[in-house]
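Engineer: Got a structure for you, questions after.
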Amino acid sequence: MYAFSYHKPATAQEAADLMASADEGAYLAGGMTLVPTLKQRLAAPSDVIDLTGIHGLRGIRTLDGKVKVGATTRHAEVAANEHIPVLADLAGRIGDPHVRNCGTLGGSVANSDPAADYPAAVVALDATVHTNKRAIAGDEFFKGLFETALEDGEIVTAVDFRAPSAAAYAKFPNPASRYAVVGVLVARYGDQVRVGVTGAGPCAFRAANIEAALAADFRPGAVDDVGIDYGDFNADLHASAEYRGHLVRVLAKRAVAQIGSADSG
Amino acid sequence: MTAETGIGASVKRKEDARFITGTGRYTDDVSAPGQSYAVFARSPHARAKLGGIDTSAAAASDGVVAVFTGADLQADGIGDLPCGWMVKSKDGSDMVQPPHPPLAIERVNYVGEPYAVVVAETLEAAKNGAEAVQADFEELPAVVDLKNAAAADSIHDAAPNNQCYDWELGDGAATDAAFERAHHVTRLHIVNNRLIPNAIEPRAALGEYDAAAGSYTLHTTSQNPHLERLVLAAFVNVAPEAKLRVISPDVGGGFGSKIFVYAEETAVIWAAGKLRRPVKWRAERSESFLADAHGRDHVTDAELALAEDGEFLGLRVRTKANMGAYLSTFASSVPTYLYGTLLAGQYKTPAIHVQVQALFTNTAPVDAYRGAGRPEATYVVERLVETAAREIGMDPSDLRRRNFIQPDDFPYETPVALTYDTGDYEASLDKALAHADYAGFAARKAASEASGNKRGIGFSCYIEACGLAPSQVAISLGAGVGLFEVGEVRVDVTGSVTVTTGSHSHGQSHETTFAQIISEKLGVQFENVTVLHGDTGRSDYALGTYGSRSLAVGGSAIVKATEKIVAKGKKIAAHILEAKEDQVDFADGVFQVVDSNQSLTFGEVAFAAYVPANYPLEELEPGLSEKAFYDPPNFTYPAGAHICEVEVDPQTGVVRIEKFVAVDDFGHIVNPMIVEGQVHGGLAQGIGQALLEHGVYDETGQLLSGSYMDYTMPRADDLPSFLVDTTTTPCTHNPLGVKGCGEAGAIGSTAAVMNAVTNALGVTELPMPATPETVWRALREA
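Chain order of the listed sequences is A and B.
For the first sequence, the residue numbers in the numbering used here are 220 to 484.
For the second sequence, the residue numbers in the numbering used here are 297 to 1078.
Put into structure tokens, the structure is as follows:
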């Protein structure tokens, strides 16, 4: 780790001011990505600005069928919350207990790691990402590999998720890191279906063709003939792009089956 | 008194109290006043010419004490890191041992190879200094692919075609003849994947120099501190042997990777003398991935010739073995004398011929890793046997029975230079089949298929040669050292006992197991026995721990020392009790005159030995302390049967181990609980090789699996609850009748898993590790 100045501001404005005046600032939330990067000397920020001292960023509230999760809320807290079961299930499968007690929703979303779990929920659960400046639709938030709609210095303050009528998250964990090789979140809102995919592409996305097929026929078999274009999918030691494409279909079917069995049960 | 703590009792481990309360004392826990910190500059290239190294910026960096390069060590007379086993090629020529300077001098040959060391006041300053070292690299094309290494550029001038040696064992003509009359031949192409050891404690070293005494002390994470001292003194010229003390305190796992003498502790102890102040180094995990010796990495073509009734007629094996960039300390012995000699397995195959070509590549050095050669041999034999059974339509257990060496065949001389002393292979297989409910497999398979899954079962009947080793045999085959062990039993004035052993515990539980032996043999309370190890200042020269040798060789030395204690105790007791020496018996801690009520306790005799008021001083030295060296007359031959049952999800390719049965014959067992733990750990590593672990370099020689983000260590939820049992044929040639248990799990299990997976998929060959995508592709192509 290189030396840096550490700050723990009490307000988002103070944090943004610190970032604006830093040579090379970095926001720190749970530190699950930043701290290992610092330890390996792969990043050398002049100033690390800890967001966990900002009042009002942590906690879960419900409002008009939506659940608002503060940006510094820990994964373990979301996992223990009953308002949106699929979100709790997803959060409870991130990393390991250490990660879940340190990692934050805001940190995960703002980082747009292609293998993170939360982004699947942001796109599938019709979310709104709130920042210190504005509100951004979940569908518009992820722009690419580690790229989001956030401007320089902009701070995620909370994410609103719309509670679905039924939903399930199917995840194929990386055997080494337990990140998502592919994760598919299928959510029903009455007749509407939203499908969020993480792990497969450069960033999380909605699978419009799977959504269309399921809107017409909400059964696992409906996904069988949906074409998955894996041309720009990720490839690494653990999974080729083609295999990831295959997993998107398999996991979508499993999520649908899980919803189906829950409905019938 | 000793029934609960003697041989055969599952005594809880003495070590665990400190380990689970965080009070163990590991190398990095040891610090010295005025200590400085070393960080190594490591090659970012797999192969490059190393031009000038500019250390001026590093030397000027804040807090830096000194910067040293390979030229500095060389100028001070520091020698190369040697390989301790000379293997000869089949044409009689010596293996090629290229120069291996501790810090690279003219070339760098793998990513992570150290080429400079920076010593500084703090770790942070040393890291900054290491980043400031400027080296002029001229990149060369890297040789990475083992299969084509012989056709690539030569990495070392001394090794044309990158060949280290081309070795053979067995009777080629007899084997050819066996194949000519074969009814059926089974052939397999086998890749034994590279593994990275990953001990939980990274390697570390603290070097100290005492200017007044002119002596050095090196604390380091070694499985064999005496060997470390010998090599550093005799070959690397750090200091005369008597001026160098090597201490290997608590060590958190080794699995072979801490046998070897590495560049880092060499540079650290040398620098401590040069700078006249203590120098500390501890590997970061990423350094461990890059620069610990790796394991396995073979490519093999193997053929088994069978008669019509399934009798094995001959076995032919051609292996390319990856040595990495340099020869590590025992690298040459692993794919030869620890591999070729095990190819008979548990079978009466009459003709065997093996050729092994060892090759250099631009990858980290490869050396012994848990099992070392024997897992690779078992994998070849047991994959072949299982495949042959499927091809000729015979039950795999029946084919094995047809060819097993039988109990009345022992001692059995194999065609590959070993003489097995004892065993009962069918007993283990029968027990394993019962535990596995083999008869119920068909029903379970049908149930899996009904739910859309595939199910398979696989066997592995392994043998290993352990208890390394008869010194004269090893030396005649090229070993540079003997392989005996030493044990010293020092009885204290009050009757408590301190034992020193030259073997070393880095997870094996010597403090408990060896105390049980003393409790049994001398009748001393288990709590009153202290076992010391890991310090050249405390014990005589001996060889350390690897090859499942601690109990069979080190324990035998301790038994011999206890026999000397008892013999002397009888003389003392006879004197005091005014009896003839041959009339004194010793049992359960009491010296007793036969047919009388005259007796002395062990403690009373000890006291008399140290306070010799009534004592035959003219005939007998005072004191009660004895030492014994033990050189084993043969290897030991643990063997067993492993059965694995898997279910495969054909949609994703995920393999789930439903059941794993291991029935092992370790001879007599001192502590069944500890043995079971050793088996569990070995099974996890063997299953890890089959399904999860893979050391992967890209074509430029960059390590892709260089962290836990990509190198898949087995975890609890990857593994089933193991079903472990034993059978017993005592070793015939050591005083405890023990064989060793440390490596068996890793040796036997890998083939059982892959036999099960290939059975489920209905394929013949499948690369390891059988990752989900690998399995999914195999199913798609099947």
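Note that the Cβ used here is the ideal one computed from N, Cα and C, for glycine as well.
Computed from a predicted model, the values in this text were never measured in an experiment.
Taking only beta carbons into account, state which residues of the segment 1002-1018 of chain B come closer than 8 Å to chain A, listed in chain order.
Structural biologist: 1004, 1005, 1006, 1007, 1008, 1009 and 1014
Engineer: Whole angstroms is fine: what's the gap from residue 314 (chain A)'s alpha carbon to residue 398 (chain A)'s?
Structural biologist: Answer to the nearest angstrom: the Cα atoms are 7 Å apart.
Engineer: Return no unless some Cβ of chain B is closer than 9 Å to the Cβ of residue 465 (chain A).
Structural biologist: yes
Engineer: Who are residue 431 (chain B)'s beta bridge partners in DSSP?
Structural biologist: B:349
Engineer: Which residues in chain B sit within 8 Å of residue 456 (chain A), going by Cβ to Cβ distance?
Structural biologist: 990, 992, 1000, 1001 and 1006
Engineer: With a cut-off of 9 Å, does the C-beta of residue 947 (chain B) fall near any C-beta of chain A?
Structural biologist: yes
Engineer: Apart from the five residues just before and just after residue 376 (chain B), which ones in its own chain have a Cβ nearer than 7 Å to its Cβ?
Structural biologist: 395, 396 and 397
Engineer: Would you call residue 485 (chain B) buried or exposed, if buried means 16 or more other Cβ atoms sit within 10 Å of its Cβ?
Structural biologist: exposed
Engineer: For residue 1069 (chain B), return the contacting residues in chain A, with the cut-off set at a CB-CB distance below 8 Å.
Structural biologist: Contact of residue 1069 (chain B) with chain A by beta-carbon distance below 8 Å involves 457, 458, 459 and 462.
Engineer: Look at residue 339 (chain B) and residue 427 (chain B) and say whether their C-beta atoms are less than 9 Å apart.
Structural biologist: The Cβ-Cβ distance between residue 339 (chain B) and residue 427 (chain B) does not fall below 9 Å.
Engineer: Is the separation between the beta-carbon of residue 322 (chain B) and that of residue 562 (chain B) shorter than 9 Å?
Structural biologist: no
Engineer: Give the C-beta separation of residue 256 (chain A) and residue 262 (chain A) to the nearest angstrom, bearing in mind that I take them to be a contact with Cβ-Cβ under 8 Å.
Structural biologist: Indeed, because the Cβ distance is near 5 Å, the residues count as touching under 8 Å.
Engineer: Under a CB-based cut-off of 9 Å, is residue 1073 (chain B) close to chain A?
Structural biologist: Judged by the 9 Å Cβ criterion, residue 1073 (chain B) is in contact with chain A.
Engineer: Looking at residue 1049 (chain B): is its Cβ nearer than 9 Å to the Cβ of residue 950 (chain B)?
Structural biologist: no
Engineer: Can you tell me where the alpha helix (DSSP H) with residue 358 (chain A) in it begins and where it stops?
Structural biologist: 357-360
Engineer: At the level of alpha carbons, what is the spacing between residue 927 (chain B) and residue 867 (chain B)?
Structural biologist: 27 Å
Engineer: Once you ignore the five residues that flank residue 567 (chain B) on each side, which residues in its own chain have a CB closer than 8 Å to its CB?
Structural biologist: 334, 362, 364, 413, 415, 503 and 575
Engineer: Suppose you measure from the CA of residue 1004 (chain B) to the CA of residue 624 (chain B); what does that come to, to the nearest Å?
Structural biologist: 24 Å
Engineer: Looking at chain C, is there any beta carbon in it that lies within less than 9 Å of the beta carbon of residue 391 (chain A)?
Structural biologist: This model lacks chain C altogether, as its protein chains are A and B.
Engineer: Taking only beta-carbon atoms, is residue 1077 (chain B) less than 9 Å away from chain A?
Structural biologist: no
Engineer: Determine the contact status of residue 653 (chain B) and residue 461 (chain B), defining contact as a CB-CB distance below 9 Å.
Structural biologist: yes
Engineer: For residue 797 (chain B), which residues does DSSP report across the bridge?
Structural biologist: B:783 and B:829
Engineer: Does residue 469 (chain A) get closer than 9 Å to chain B when you measure Cβ to Cβ?
Structural biologist: yes
Engineer: When you compare the CB of residue 724 (chain B) with every CB in chain A, is at least one pair closer than 9 Å?
Structural biologist: no
Engineer: On the DSSP letters alone, give me the boundaries of the alpha helix (DSSP H) that residue 767 (chain B) sits inside.
Structural biologist: 767-772
Engineer: So, is residue 1064 (chain B) buried or exposed, given that buried needs 16 or more other C-beta atoms within 10 angstroms?
Structural biologist: buried
Engineer: Report all residues from its chain with a CB closer than 8 Å to the CB of residue 232 (chain A); omit the five preceding and five following residues, and keep chain order.
Structural biologist: 351
Engineer: What residues of chain B sit near residue 396 (chain A), judged by a beta carbon separation below 8 Å?
Structural biologist: 1004, 1005 and 1006
Engineer: Assuming residue 953 (chain B) is part of the beta strand (DSSP E), what are its boundary residues?
Structural biologist: 951-961
Engineer: For residue 465 (chain A), which option in B:451, B:732, B:946 and B:1044 has the closest C-alpha, if you only look at C-alpha atoms?
Structural biologist: B:946
Engineer: Pull up the CB-CB distance for residue 491 (chain B) and residue 985 (chain B), whole angstroms please, since I reckon it's below 8 Å.
Structural biologist: That belief holds up - the Cβ atoms of residue 491 (chain B) and residue 985 (chain B) are roughly 6 Å apart, short of 8 Å.
Engineer: Can you find a C-beta in chain B that's less than 9 Å from the C-beta of residue 259 (chain A)?
Structural biologist: yes
Engineer: Using a C-beta cutoff of 9 Å, does residue 238 (chain A) count as contacting chain B?
Structural biologist: Nearest CB-CB separation between residue 238 (chain A) and chain B: not below the 9 Å threshold.
Engineer: Can you find a CB in chain B that lies within less than 9 Å of the CB of residue 251 (chain A)?
Structural biologist: No, its Cβ sits nowhere closer than 9 Å to a Cβ of chain B.
Engineer: Would the segment 689-708 of chain B and the segment 767-783 of chain B be scored as touching if the rule is three or more Cβ pairs under 8 Å?
Structural biologist: no
Engineer: Throw me the rounded Cβ distance for the residue 752 (chain B) and residue 1052 (chain B) pair, which I believe falls under 8 Å.
Structural biologist: Contact flag correct, Cβ pair sits at about 4 Å.
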